[in-house]
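S.K.: Numbering (full-length UniProt numbering), first residue to last: 1 to 261.
Every residue, glycine too, gets a C-beta built ideally from N, C-alpha and C.
Here the structure is a predicted model, which is why all the values come from computation and not from measurement.
Mind looking over this structure? Questions follow.
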């Protein structure tokens, strides 16, 4: 029964961005941005609804770990407010995986690969790998404009900014070291598809770093300017690759999951 329940509760997820929005009458002075109609604030509010319980996809599972494709608009762990209790780890724990333990996090709006441990020893070892930067991660994103060159690095220190919470800012005096590598995958008229590789793991690192070089991510409600925000109905940031060492067997494992945008 537990196996059947898990199969039902964790069927593959389909992004809630479909033909209805693509076919809507143009808004924002009839602009088309990034090949899609610009969205009004009302459009964005309509899209930001909690994901159904069924829409969490398991990419891999074994006795030591779970690898999940986290949908956008789902917290990794519960927030403090009562209306922020719904999250990935709670869904797993309440529906067939009571032993699931969070190892790392993705932002609420970021989708993609996240790993959870299934026992204390595996949790300890996986957490150590992330802390010691022995894992490899890559993200796919859509950014506004045209970066100069085909690849590069962004080495700018970041800190939390209480007056504009939950935003983070570049701060050369008080910020913590943060390093990101970027590479252009595709160029389009007003945006680019890029691969982002975080060497450090600061909160909002990829979003703030891309903003700092003048190329905010499309659909970023915290950091994008109005045109980039209106260009897509979700944050265009997806954890598309994760490589780690299995905590029990020692095997090097690589997981990939294409971006839904």
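Verify the contact flag: residue 100, CB atom, against every heavy atom of the ligand NAP, threshold strictly below 7 Å.
M.R.: Ligands are entirely absent from the displayed structure, and the ligand NAP is therefore not among its contents.
S.K.: What residues are listed by DSSP as bridge partners for residue 184?
M.R.: Residue mapping note: residue 184 aligns to position 184 of the chain shown, counting from 1. Partner(s): 194.
S.K.: Once DSSP output is grouped into helix, strand and coil, what is the label at residue 65?
M.R.: To locate residue 65, count along the chain shown from 1; it is residue 65. If DSSP states are grouped into helix, strand and coil, residue 65 belongs with the strands.
S.K.: Between 106, 236, 117 and 86, which has its C-alpha nearest residue 98's C-alpha?
M.R.: As a first step, residue 98 must be located in the chain shown, where it is residue number 98. The residue with the shortest Cα to Cα distance from residue 98 is 117.
S.K.: Smallest Cα separation from residue 156: which of 201, 222, 76 and 226?
M.R.: Counting from 1 along the chain shown, the entry for residue 156 is found at position 156. Per the Cα distances, 201.
S.K.: I think residue 222 touches residue 207, with their Cβ atoms under 8 Å apart; what is that distance to the nearest whole Å?
M.R.: Position 222 of the chain shown, counted from the first residue, corresponds to residue 222. Position 207 of the chain shown, counted from the first residue, corresponds to residue 207. The pair is a contact, with the Cβ atoms about 7 Å apart (cut-off 8 Å).
S.K.: Contact defined as beta carbons within less than 8 Å: I believe residue 172 pairs with residue 160. What is the distance between those atoms, to the nearest angstrom?
M.R.: The residue you call residue 172 lines up with position 172 of the chain shown. The residue you call residue 160 lines up with position 160 of the chain shown. Their Cβ separation, rounded to whole angstroms, is 15 Å, which puts residue 172 and residue 160 out of contact at 8 Å.
S.K.: In three-state DSSP terms, what is residue 208?
M.R.: Numbered from its first residue, the chain shown carries residue 208 at position 208. Residue 208: helix per DSSP, three-state reduction.
S.K.: Three or more beta-carbon pairs under 8 Å between the stretch 253 to 261 and the stretch 86 to 96, yes or no?
M.R.: no
S.K.: Report the CB separation of residue 137 from residue 198 in whole angstroms; it is logged as a contact under 8 Å.
M.R.: In the chain shown, counting from the first residue as 1, residue 137 sits at position 137. In the chain shown, counting from the first residue as 1, residue 198 sits at position 198. So it is a contact: roughly 6 Å between Cβ atoms.
S.K.: Considering only C-alpha positions, which residue in the set 237, 163, 191 and 252 is nearest to residue 70?
M.R.: Reading the chain shown from its first residue, position 70 is the one you call residue 70. Among 237, 163, 191 and 252, the Cα nearest to that of residue 70 is on 237.
S.K.: As an exercise, report each continuous alpha helix (DSSP H) stretch of at least 4 residues that is fully enclosed by the stretch 200 to 251, in chain order.
M.R.: Entirely contained in the stretch 200 to 251, the alpha helix (DSSP H) runs reaching 4 residues are, in chain order, 205 to 212 and 226 to 230.
S.K.: Taking 8 Å as the threshold, find out whether the stretch 188 to 197 comes into contact with the stretch 119 to 126 through three or more Cβ pairs.
M.R.: no
S.K.: Hey, residue 147 and residue 170: beta-carbon distance below 8 Å or not?
M.R.: Sequence index remark: in the chain shown, residue 147 carries index 147 (1-based). Sequence index remark: in the chain shown, residue 170 carries index 170 (1-based). The Cβ atoms of residue 147 and residue 170 do not sit closer than 8 Å to each other.
S.K.: State the DSSP-derived secondary structure class of residue 140, mapped to helix, strand or coil.
M.R.: Along the chain shown, one-based indexing puts residue 140 at 140. Three-state result, residue 140: strand.
S.K.: Who pairs with residue 169 in a beta bridge, going by DSSP?
M.R.: Here residue 169 is taken as the residue at index 169 of the chain shown, counted from 1. According to DSSP, residue 169 bridges with 159.
S.K.: Do you know offhand how far residue 126's Cα is from residue 103's?
M.R.: For the purposes of this step, residue 126 is identified with residue 126 of the chain shown, where counting begins at 1. For the purposes of this step, residue 103 is identified with residue 103 of the chain shown, where counting begins at 1. Approximately 7 Å, taken between the alpha carbons.
S.K.: State the DSSP-derived secondary structure class of residue 127, mapped to helix, strand or coil.
M.R.: As a position in the chain shown, residue 127 is number 127, starting the count at 1. Residue state, collapsed to three classes: helix.
S.K.: Taking its Cβ as the centre, do 16 or more other Cβ atoms sit within 10 Å of residue 109, making it buried, or is it exposed?
M.R.: Taking the chain shown and counting its residues from 1, one reaches residue 109 at position 109. It is buried - the Cβ of residue 109 has at least 16 other Cβ atoms within 10 Å.
S.K.: Please tell me whether residue 115 and residue 242 are closer than 8 Å, where the distance is taken between their beta carbons.
M.R.: Taking the chain shown and counting its residues from 1, the one referred to as residue 115 is at position 115. Taking the chain shown and counting its residues from 1, the one referred to as residue 242 is at position 242. In contact: residue 115 and residue 242 (Cβ atoms closer than 8 Å).
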